[in-house]
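Peer 1:
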Amino acid sequence: MELIVEDLSVARGGMAVLEGVCFRLACGHALVLRGPNGAGKTTLLRTLAGLQPPRGGRISLDREAMVYAAHADGIKAVLTVEENLRFWADLYRVDAVGAALEAFALGPLADRPAGALSAGQKRRLGLARLLVTGRRVWVLDEPTVSLDAEAVGMFARAVRAHLAGGGLAVIATHIELGLEAEVLDVARFRPRRVVTGDEDFL
Amino acid sequence: MPDLGKYAGAVLSAYAVSLALLAVLVLWSLWRAKRVKAALEKVEARRNGQD
Amino acid sequence: MASIWEYANPRKFMSVTDRVLPWIAGLSAIALVAGLAWGFFLTPDDYRQGSTVKIIYLHVPAALMAINGWLMMLAASLVWLVRRHHVSALAARAAAPVGAVMTVIALLTGAIWGQPMWGTWWAWDPRLTSFLILFLFYLGYIALWAAIEDGDTAADLTSVLCLVGSVFALLSRYAVNFWNQGLHQGASLSLDKEENVADVFYFPLLLCIAGFVLFFLALVLLRTRTEIRARRMRALMARERMA
Amino acid sequence: MKALLVRDLKLAVRAGGGFGLGLAFFLIVVVLVPFAVGPETALLTRIAPGILWIGALLACLLSLDRILALDREDGSLDLIATAPLPLEAAVSVKALAHWLTTGLPLVIAAPVLGVLLNLRGEGYGWLVVSLAIGTPALSVIGTFGAALTVGIKRGGLLLSLLVLPLYVPVLIFGAEVARRGAEGLSVATPLALLGAVTCGTIALLPFASAAVLRVNLR
Numbered sequence: 001m002e003l004i005v006e007d008l009s010v011a012r013g014g015m016a017v018l019e020g021v022c023f024r025l026a027c028g029h030a031l032v033l034r035g036p037n038g039a040g041k042t043t044l045l046r047t048l049a050g051l052q053p054p055r056g057g058r059i060s061l062d063r064e065a066m067v068y069a070a071h072a073d074g075i076k077a078v079l080t081v082e083e084n085l086r087f088w089a090d091l092y093r094v095d096a097v098g099a100a101l102e103a104f105a106l107g108p109l110a111d112r113p114a115g116a117l118s119a120g121q122k123r124r125l126g127l128a129r130l131l132v133t134g135r136r137v138w139v140l141d142e143p144t145v146s147l148d149a150e151a152v153g154m155f156a157r158a159v160r161a162h163l164a165g166g167g168l169a170v171i172a173t174h175i176e177l178g179l180e181a182e183v184l185d186v187a188r189f190r191p192r193r194v195v196t197g198d199e200d201f202l
Numbered sequence: 001m002p003d004l005g006k007y008a009g010a011v012l013s014a015y016a017v018s019l020a021l022l023a024v025l026v027l028w029s030l031w032r033a034k035r036v037k038a039a040l041e042k043v044e045a046r047r048n049g050q051d
Numbered sequence: 001m002a003s004i005w006e007y008a009n010p011r012k013f014m015s016v017t018d019r020v021l022p023w024i025a026g027l028s029a030i031a032l033v034a035g036l037a038w039g040f041f042l043t044p045d046d047y048r049q050g051s052t053v054k055i056i057y058l059h060v061p062a063a064l065m066a067i068n069g070w071l072m073m074l075a076a077s078l079v080w081l082v083r084r085h086h087v088s089a090l091a092a093r094a095a096a097p098v099g100a101v102m103t104v105i106a107l108l109t110g111a112i113w114g115q116p117m118w119g120t121w122w123a124w125d126p127r128l129t130s131f132l133i134l135f136l137f138y139l140g141y142i143a144l145w146a147a148i149e150d151g152d153t154a155a156d157l158t159s160v161l162c163l164v165g166s167v168f169a170l171l172s173r174y175a176v177n178f179w180n181q182g183l184h185q186g187a188s189l190s191l192d193k194e195e196n197v198a199d200v201f202y203f204p205l206l207l208c209i210a211g212f213v214l215f216f217l218a219l220v221l222l223r224t225r226t227e228i229r230a231r232r233m234r235a236l237m238a239r240e241r242m243a
Numbered sequence: 001m002k003a004l005l006v007r008d009l010k011l012a013v014r015a016g017g018g019f020g021l022g023l024a025f026f027l028i029v030v031v032l033v034p035f036a037v038g039p040e041t042a043l044l045t046r047i048a049p050g051i052l053w054i055g056a057l058l059a060c061l062l063s064l065d066r067i068l069a070l071d072r073e074d075g076s077l078d079l080i081a082t083a084p085l086p087l088e089a090a091v092s093v094k095a096l097a098h099w100l101t102t103g104l105p106l107v108i109a110a111p112v113l114g115v116l117l118n119l120r121g122e123g124y125g126w127l128v129v130s131l132a133i134g135t136p137a138l139s140v141i142g143t144f145g146a147a148l149t150v151g152i153k154r155g156g157l158l159l160s161l162l163v164l165p166l167y168v169p170v171l172i173f174g175a176e177v178a179r180r181g182a183e184g185l186s187v188a189t190p191l192a193l194l195g196a197v198t199c200g201t202i203a204l205l206p207f208a209s210a211a212v213l214r215v216n217l218r
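Those protein sequence lines, which keep their order, are chains A, B, C and D.
Going by UniProt numbering, the first residue of the first sequence is number 1, and it counts up by one from there.
Going by UniProt numbering, the first residue of the second sequence is number 1, and it counts up by one from there.
Going by UniProt numbering, the first residue of the third sequence is number 1, and it counts up by one from there.
Going by UniProt numbering, the first residue of the fourth sequence is number 1, and it counts up by one from there.
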């Protein structure tokens with residue numbers, strides 16, 4: 001399993017935001033995306049996740065091996081913590097709800113409605129979802145937002161365990177996770193000239 | 001003017017309504033065409049001024 | 001041999017239409033004025049319908065263009081979905097209000113004609129009802145274009161709506177026929193008299209139809225030019241913001 | 001697929017899910033009609049099938065924007081779109097969940113409300129049959145409308161404008177079955193046509209819904 005990205009350009013709202021993105025990520029490795037707000041990290045991750053088509057270039061990644069986690073956690077407030085996780089576990093046909101609850105210290109909260117959680121707890125629930133998917137490639141967008149130091153530690157442990165098990169991760173984050181990860185500054189890939197989907201009209 | 005007989009009202013109103021609608025459509029399209037053209041020329045002028 | 005798709009390039013389209021548009025507009029004006037004047041002033045009254053037969057010169061061409069307008073939008077939508085030519089999507093957008101107005105004219109002239117002939121402004125005749133439904137489709141299509149900011153997204157969504165809408169419009173046509181077959185009052189009250197109209201009515205009618213076709217074409221070209229300019233303006237302003 | 005269905009059903013039934021709103025709306029429409037047209041029994045009997053159909057249709061329309069908009073707001077839609085479930089299947093399941101929580105209760109409630117409108121005895125069976133066959137199509141068409149407007153803020157009104165013309169064939173054939181049934185006429189033709197429309201819609205429209213949803217997610 002390897003993630004290879006070649007000469008990828010991605011667009012948001014018909015406007016190219018990154019051009020010529022290249023990287024190669026082998027099993028057990030993580031890639032951390034850096035860059036100022038609006039640089040195109042989210043767009044790149046959404047393109048990797050297959051939510052939007054690339055403007056050009058190639059991504060070699062088996063979509064069946066990938067799981068995506070966005071800013072929003074997709075948590076349903078009226079379902080309990082466990083029900084929220086159970087849904088994703090059933091959808092991905094992986095039974096690891098107990099382990100996922102444990103990894104993010106959600107056990108005591110399992111029967112609580114997710115709507116009653118604090119922002120940090122919700123985020124932990126959103127990240128616990130990754131563990132019930134059984135996917136080898138994690139594509140994560142700002143996973144540590146609203147986490148306290150302890151929870152960041154839990155997350156870093158989870159990532160390390162995932163990598164140790166032969167997984168891959170692409171993470172956009174501003175926080176030092178203490179991972180042995182390559183860092184890619186996406187600002188390098190800013191298009192040199194303005195490129196839009198409206199080329200016909202320029 | 002032809003003799004329209006007892007249906008004069010119907011025929012004339014049909015023509016009036018239709019031609020009025022067509023006129024409104026044409027005028028609206030022309031007005032918008034002119035406005036967009038002028039706006040575009042302004043943007044183009046600004047752009048050419050910069051280059 | 002130049003490919004027809006060359007004309008889908010906005011620049012080429014603009015330069016070509018810049019040259020042909022005045023001709024089409026002029027021709028359409030001549031045909032419309034001549035056809036309508038011929039029909040209005042120079043044709044006799046029908047022995048049964050009296051002078052209301054003159055409404056046919058507006059009603060039939062408008063009804064034709066109402067349907068053809070939708071078909072043109074359907075074709076343009078397909079071209080956009082398959083070949084991704086922006087001009088095609090914009091032409092579909094430009095045609096919608098014209099088609100909608102044609103539908104309204106067909107409905108209004110029909111109602112005005114129906115009042116003395118049928119004794120009522122409106123009957124739930126299958127043909128009338130179908131046109132009303134067609135008008136609703138036009139409204140939805142126009143509203144969807146207006147509601148979405150991003151040009152390509154709007155083009156994609158409206159194209160699919162046009163496709164799905166065409167199927168449902170066709171279904172509705174048959175459903176409405178079925179629904180009111182018992183009340184259908186026979187061909188004598190149908191407005192579609194092309195088959196049995198006499199030559200005196202037929203030739204001015206043909207001229208009017210030609211006039212409406214050219215009129216539709218001219219207006220759609222004009223509006224497409226406007227849409228292309230608006231799109232170019234948007235692209236330029238986006239570029240300014242980026243720089 | 002089952003997981004998504006179970007989740008959507010749970011969400012609809014739990015507090016704030018809006019389950020039962022459609023039903024209550026249906027009841028109110030049917031109660032209001034006699035106030036508008038007068039209490040004359042013969043008239044009500046004659047228009048009962050049509051009123052019940054239009055009431056069911058409007059009640060169905062009311063909850064359409066919940067099908068996808070809520071999932072869009074909390075980000076689940078992105079996650080579902082990247083899950084190991086084809087988007088075509090996901091929208092079909094969502095339409096099914098909508099039908100189970102909105103359409104099916106309407107089908108069951110319709111005969112009860114028929115009593116209020118003096119529906120003729122022969123009509124009850126065909127009313128239920130026509131609604132049972134027709135309302136799934138309403139849900140599937142509505143899901144298409146919801147997918148079209150999912151990216152638009154306050155798109156509820158636009159959604160209605162887009163969906164209502166698409167409802168015409170189903171309404172015509174469905175109400176015709178109910179009407180003919182109530183009048184003791186043969187319902188074979190409209191019933192066959194209604195079934196055909198529903199089958200075609202269920203088979204084909206999810207592809208269009210998934211396509212526009214992909215456009216809206218990108």
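Just so you know, even glycine gets a beta-carbon here, dropped at the ideal spot from N, CA and C.
Using C-beta distances below 6 angstroms, list every residue in its chain close to residue 215/A, excluding the 5 sequence neighbours before and after it, in chain order.
Peer 2: Residue 215/A lies beyond the stretch modelled for chain A, which goes from 1 to 202, so this question has no answer here.
Peer 1: Going along the chain, which unbroken runs of the alpha helix (DSSP H) with 4 or more residues stay wholly within the segment 15–91 of chain D?
Peer 2: Whole alpha helix (DSSP H) segments, 4+ residues: 21–37, 41–62, 66–73, 76–81.
Peer 1: Would you list the residues sitting across from G50/C in a DSSP beta bridge?
Peer 2: G50/C is bridged to D46/C.
Peer 1: Looking only at C-alpha atoms, which of L236/C, M242/C, D150/C sits nearest to S48/B?
Peer 2: The amino acid at residue 48/B is misidentified as Ser; the sequence shows Asn. Cα-wise, what sits closest to N48/B is L236/C.
Peer 1: If we define contact as Cβ-Cβ less than 7 angstroms, is M1/C a contact residue for chain D?
Peer 2: For M1/C, the pLDDT reaches just 45, beneath the cut-off of 50, and the residue's location in the model is therefore unreliable, although a value from the coordinates is still provided. Answer no: the Cβ-Cβ gap between M1/C and chain D never drops below 7 angstroms.
Peer 1: Give me the chain D residues within the contact set of F87/A, using Cβ-Cβ distance strictly less than 7 angstroms, ordered along the chain.
Peer 2: Per Cβ cutoff of 7 angstroms: A3, R7.
Peer 1: Can you tell me the Cα-Cα spacing of R180/D and P111/D, whole angstroms?
Peer 2: Computed Cα separation, rounded: 16 angstroms.
Peer 1: Assign P54/A to one of two classes, buried (16 or more other C-beta atoms within 10 Å of its C-beta) or exposed (fewer than that).
Peer 2: Buried.
Peer 1: State the Cα-Cα distance for the pair L100/D and G121/D, rounded to the nearest angstrom.
Peer 2: Taking the straight line from one Cα to the other gives about 27 angstroms.
Peer 1: Report the residue from L108/C, V164/C, M14/C whose alpha carbon sits nearest the alpha carbon of S77/C.
Peer 2: Ranking the options by Cα distance to S77/C, first place goes to V164/C.
Peer 1: Compare the beta carbon distance of A172/A and K41/A with 7 angstroms and say whether it is the shorter of the two.
Peer 2: In this structure, K41/A lies closer than 7 angstroms to A172/A by Cβ.
Peer 1: For a quick check, are the C-beta atoms of A146/D and L58/D less than 7 angstroms apart?
Peer 2: Not closer than 7 angstroms, so no.
Peer 1: F173/D lies in the beta strand (DSSP E); which residues open and close that run?
Peer 2: Premise fails: F173/D lies in the alpha helix (DSSP H), 156–182, not in any beta strand (DSSP E).
Peer 1: Between R225/C and chain A, is there a C-beta pair that is closer than 7 angstroms?
Peer 2: No, R225/C lies away from the interface with chain A (no Cβ there is under 7 angstroms from its Cβ).
Peer 1: Examine the ligand GTP and report whether any of its heavy atoms sits within less than 6 angstroms of the Cβ of R93/A.
Peer 2: This structure does not include the ligand GTP; it has no bound ligands of any sort.
Peer 1: Answer yes or no: does any C-beta atom of chain A fall closer than 7 angstroms to that of G75/D?
Peer 2: Yes, G75/D lies at the interface with chain A (some Cβ there is under 7 angstroms from its Cβ).
Peer 1: Within the chosen definition, does the segment 214–231 of chain C reach the segment 86–101 of chain C through at least 3 CB pairs nearer than 8 angstroms?
Peer 2: The segment 214–231 of chain C vs the segment 86–101 of chain C: in contact.
Peer 1: Using a Cβ cut-off of 7 angstroms (strictly closer), state whether G74/A contacts chain D.
Peer 2: With 7 angstroms as the cut-off, G74/A counts as an interface residue toward chain D.
Peer 1: If you measure from the beta carbon of G13/A to each beta carbon in chain C, is any gap under 7 angstroms?
Peer 2: Yes, contact with chain C.
Peer 1: Could you work out which residues of chain D lie near G50/A, taking near to mean beta carbons separated by less than 7 angstroms?
Peer 2: In chain order: T82.
Peer 1: Which first and last residues belong to the alpha helix (DSSP H) in which Y7/C is found?
Peer 2: That residue, Y7/C, is in no alpha helix (DSSP H); it is neither H nor E in DSSP.
Peer 1: Please report the distance separating the alpha-carbon of V168/D from that of G155/D.
Peer 2: Approximately 21 angstroms between the Cα atoms of the pair.
Peer 1: Thinking C-alpha only, which one of I30/C, R232/C, I133/C, H85/C is nearest S159/C?
Peer 2: Considering only alpha carbons, the answer is H85/C.
Peer 1: Under the DSSP definition of a beta bridge, which residues are partnered with D141/A?
Peer 2: Beta-bridge pairing links D141/A to A172/A.
Peer 1: Taking 7 angstroms as the threshold (C-beta atoms), are I133/C and S172/C in contact?
Peer 2: Going by C-beta atoms, S172/C is nearer than 7 angstroms to I133/C.
Peer 1: In chain order, what residues of the same chain have a beta carbon less than 6 angstroms from the beta carbon of F137/C, not counting five sequence neighbours either side?
Peer 2: Counting only Cβ-Cβ distances below 6 angstroms, and skipping sequence neighbours, we find G165, A169.
Peer 1: Output the boundary residues of the alpha helix (DSSP H) element that contains E82/A.
Peer 2: Looking at the DSSP string, the run of the alpha helix (DSSP H) that includes E82/A is 81–92.
Peer 1: Throw me the rounded Cβ distance for the G55/D and V30/D pair, which I believe falls under 8 angstroms.
Peer 2: Right, the Cβ-Cβ distance comes to about 5 angstroms (below 8 angstroms), so this counts as a contact.
Peer 1: Does W121/C pass the burial test, meaning 16 or more other C-beta atoms within 10 Å, or should it be called exposed?
Peer 2: Label assigned to W121/C: exposed.
Peer 1: Count the other CB atoms within 10 Å of the CB of K76/A; is the residue buried (16 or more) or exposed (fewer)?
Peer 2: Buried, since its Cβ has 16 or more Cβ neighbours within 10 Å.
Peer 1: Which bits of chain D does G140/C rub up against, with CB to CB less than 9 angstroms?
Peer 2: Under the 9 angstroms cutoff, chain D gives L158, L161, L162, V163, L164, P165, L166.
Peer 1: Identify which residue in D18/C, I4/C, E6/C, K12/C has its Cα closest to the Cα of A218/C.
Peer 2: With distances taken between Cα atoms, A218/C lies closest to D18/C.
Peer 1: Could you tell me how far apart the beta carbons of V107/D and V128/D are, in whole angstroms, since I believe they sit closer than 8 angstroms?
Peer 2: Sure, about 6 angstroms apart at Cβ, within 8 angstroms.
Peer 1: Starting from L217/D, find everything on chain A with Cβ-Cβ shorter than 9 angstroms and list it in chain order.
Peer 2: Neighbours of L217/D on chain A, chain order: R46, L51, Q52.
Peer 1: Output yes or no for whether 7 angstroms exceeds the beta carbon distance between T198/D and I133/D.
Peer 2: In contact: T198/D and I133/D (Cβ atoms closer than 7 angstroms).
Peer 1: How far does the beta strand (DSSP E) with D7/A in it reach, from first residue to last?
Peer 2: Looking at the DSSP string, the run of the beta strand (DSSP E) that includes D7/A is 2–12.
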